[in-house]
Structures are given as structure tokens and as C-alpha cells.
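For reference, the structure is listed below as C-alpha cells.
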Amino acid sequence: MVAEQLEARGITETAVLQAMNTVPREKFIADTYEAHAYVDGPLPIGEKQTISQPYIVALMIELLELQPGSIVLEIGTGSGYAAAVLSRIAAQVITIERHEKLVWSAQERLMALGYDNIIVMQGDGTLGCDDFAPYDGIIVAAGGPTVPVPLKEQLKIGGKLVIPIGSNQRKQQLYQVNRRDAYQFNEKRKGPVSFVPLIGQAGWQE
Ligand code: SAM
5 MVAEQLEARG ITETAVLQAM NTVPREKFIA DTYEAHAYVD GPLPIGEKQT ISQPYIVALM
65 IELLELQPGS IVLEIGTGSG YAAAVLSRIA AQVITIERHE KLVWSAQERL MALGYDNIIV
125 MQGDGTLGCD DFAPYDGIIV AAGGPTVPVP LKEQLKIGGK LVIPIGSNQR KQQLYQVNRR
185 DAYQFNEKRK GPVSFVPLIG QAGWQE
């Protein structure tokens, strides 16, 4: 997976490649899909949600440009896979999921696998989480109509926010948002992606 799907497509950051190499993706999906754990695409995880394609997970994490000691906020815990990968690079990961069932299963799985620097919370991630802000990086694993203002406000100066944005609920452009100072943000488009919708106060209505 790392050589054929990530390095071959231009993922170069050593910390990201090592983290993707370390986290056992087969532990984050149902037994029925175990044989497909390393396929080059997303897989169902219940509640009509998906674990993202490995390449997209790696690309988004690379775009966060994390340094050791970083604190990261993830919106859309899903299976907990991306949180586990992030936890191998960052010092602390806070991850928010809106579906209660997914929160419980991710929490249980991450504890069982020994990932002890991840806090899983239930809620509307479009509002972020003030308790641990500001963040060095914020990664949003669902597509919204616009960049949620609370997430921009909770980003450290110099921090990066990576989020799929689009007017179509299933097709987006991946954005890397860089906070330059208290009021200025640079946005760069990083190519087309297809994510499940970001549902919440600063996202799509259910
Ligand atoms: N990162 C996940 C993984 O590694 O398995 C995959 C995430 S899946 C593509 C997107 C997730 O975002 C879904 O589980 C969905 O329920 C969640 N989601 C959508 N809107 C949300 C919101 N406002 N707050 C928190 N989670 C949200």
C-alpha cells in the first residue's frame, strides 16, 4: 500500500509514510471486509459512512505539515483509522464524530489497540472544540459547503486546516487553509475529492 498507492502518487513525508506503514488498517473495518483492507479505495464502516481511501488519508495528513509535539483536531472520527495515523505523528489528537455508534466503536478499538494520545468526542465537529484550542492542524474528513468559521478561529497562527469544500454534497475540492495571522487566511486548492457530507451548524443541514 505504502509503495504502490502513496509513494507512487507523490507522498514523500517520511513521518506520514511511517505512520501509514505502522497502523493496521484491517483492525478498523468489519471482518467481512478484512480481505479488502488495503485496496485503493474507501470501504463501508456502518451508519452509511466510509473509511477513506489510504492515499487521501496520507495526502490530507501530509498537507497538515505537522511538527513533532503538534496538537491536532480531526472532524469525522469514523472508524478511528485516520486518528490512529495522526497519533503516530502528533502529540495529541482530538477527534469528533456525530454518530454515537461510531464514537463508541472507535473509542473501544483505539483503546484496545493502545492508542493513548487520542480523545474521541461526540458532537457537531463544524463547531470545533474550544477546550483544547488552538490547534496546529485541523483535518476535516467530510465535505462542507464552506470552511466553518469556528474551525478557522480555533487554528493556531501558522497552522493548517485541510478540508473538502464544494457546492455538491458528494464532490468537492480539497483545500489547505493556512492561518497567516489573526485575520488573514491563505487558501490553496489541492484537487478534486469525493467525501460524505459534513452535517452540522456550519456545514450542510441534515
Ligand atoms: N476519518 C474516518 C476514518 O478514518 O475512518 C473516516 C471519516 S468518514 C469519511 C466521515 C465522517 O464524518 C463520518 O463518520 C460522519 O459521520 C462524520 N461527520 C459528518 N459530519 C460531521 C460533523 N458535523 N461532526 C462530526 N462528524 C461528522
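In terms of this note's numbering, the sequence shown opens at residue 5 and continues consecutively.
Backbone N, C-alpha and C define an ideal beta-carbon position, used for all residues, glycine too.
Distance cut-off 6 Å: residue i Cβ against heavy atoms of ligand 1
i, result
"ASP128", "yes"
"HIS40", "no"
"TYR139", "no"
"SER83", "yes"
"GLU157", "no"
"LEU178", "no"
"LEU202", "yes"
"ARG102", "yes"
"SER226", "Here the chain covers residues 5 to 210 and nothing more, so residue 226 does not appear."
"GLY80", "yes"
Three-state class that DSSP yields for residue i in the structure shown
i, result
"PRO168", "strand"
"LYS175", "coil"
"ASN25", "helix"
"VAL200", "coil"
"GLN111", "helix"
"VAL43", "coil"
Pick from the options that is closest to residue i, judged by C-alpha positions
i, options, result
"GLN22", "ALA88, GLN111, PRO152", "ALA88"
"SER198", "GLU11, PHE189, LYS175, ARG29", "LYS175"
"GLN177", "LEU70, ILE60, GLN9", "ILE60"
"GLU211", "GLU30, LEU165, GLY195", "Absent from the model: residue 211. The displayed extent of the chain is 5 to 210, so no value can be given."
"THR99", "GLY118, THR130, LEU70", "THR130"
"THR18", "PHE32, ILE65, GLN57, MET125", "ILE65"
"ASN42", "GLN9, THR16, SER83, THR54", "Reading the sequence as shown, one finds Tyr at residue 42 and not Asn. Per the Cα distances, GLN9."
"PRO58", "TYR37, THR36, TYR85, GLY50", "TYR85"
"VAL1", "SER171, ILE123, GLU51", "The requested residue 1 is not part of the displayed model; the chain covers only 5 to 210."
"GLY45", "GLU191, GLU210, SER56", "SER56"
"PRO28", "GLY163, LYS105, ARG92, ALA206", "ARG92"
"GLN180", "ILE15, ARG13, GLU69, HIS40", "GLU69"
In DSSP terms, what residue i is bridged to
i, result
"GLU101", "GLN126"
"GLN53", "GLY50"
"GLN9", "Answer is none; GLN9 lacks a bridge partner."
"ASN182", "LYS164, ASN190"
*Should the region 126-143 be regarded as contacting the region 70-80, the criterion being three or more beta carbon pairs within less than 8 Å?*
Judged by Cβ distances under 8 Å, the region 126-143 makes contact with the region 70-80, as three or more pairs qualify.
Check your understanding: Contact between the region 184-200 and the region 146-163: three or more CB pairs below 8 Å?
Key -> Here the region 184-200 lies against the region 146-163, with 3 or more beta-carbon pairs under 8 Å apart.
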